[in-house]
Amino acid sequence: MENEILYRRAAVRAAMQLAFYRHVMIYIVVNALLVAVNLLKDPHHLWFQWGLLGWGIGLLVHGLNVYSYRWFGSRREQMIQRELERQRKMEQNRS
Numbered sequence: 003m004e005n006e007i008l009y010r011r012a013a014v015r016a017a018m019q020l021a022f023y024r025h026v027m028i029y030i031v032v033n034a035l036l037v038a039v040n041l042l043k044d045p046h047h048l049w050f051q052w053g054l055l056g057w058g059i060g061l062l063v064h065g066l067n068v069y070s071y072r073w074f075g076s077r078r079e080q081m082i083q084r085e086l087e088r089q090r091k092m093e094q095n096r097s
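Residues 3 to 97 in my numbering are what the sequence shown lists, from first letter to last.
Printed below as a string of structure tokens:
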């Protein structure tokens, strides 16, 4: 049972990381095209940086969401264990 939980948790984290990597690649490709279009069509009026900035903030938040478990993971695990213990005690009291 414990191994299955660990496997599922690892699978979810791996899926989150892969989604973030896809997001980064799409960000790079799309924004490279926007920079090229801007510089080719109207190099005197630069607007591409606004898209880079806005989407970059979203990308940063996505990355923090994916990798925050590395900083807060042990605290989260402690909270989960405490909650599981509390639920077990409540279940024992009902019996």
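C-beta: ideal position from N, C-alpha, C; glycine also.
Fair warning: this is a prediction, and the values are worked out from it, not measured in the lab.
Hey, quick one: how far does the alpha helix (DSSP H) through residue i stretch, first residue to last?
i, result
"residue 20", "4-43"
"residue 57", "50-69"
Give me the Cβ distance between residue i and residue j, rounded to the nearest whole Å; I'm assuming they're in contact under 8 Å.
i, j, result
"residue 26", "residue 62", "Wrong, their Cβ atoms sit about 11 Å apart, outside the cutoff."
"residue 36", "residue 50", "5 Å"
"residue 99", "residue 57", "Nothing can be reported for residue 99, as the shown portion of the chain is limited to 3 through 97."
Is there at least one non-hydrogen atom of the ligand NAP closer than 7 Å to the beta-carbon of residue i?
i, result
"residue 42", "Absent from the structure shown: the ligand NAP. Ligands present: none."
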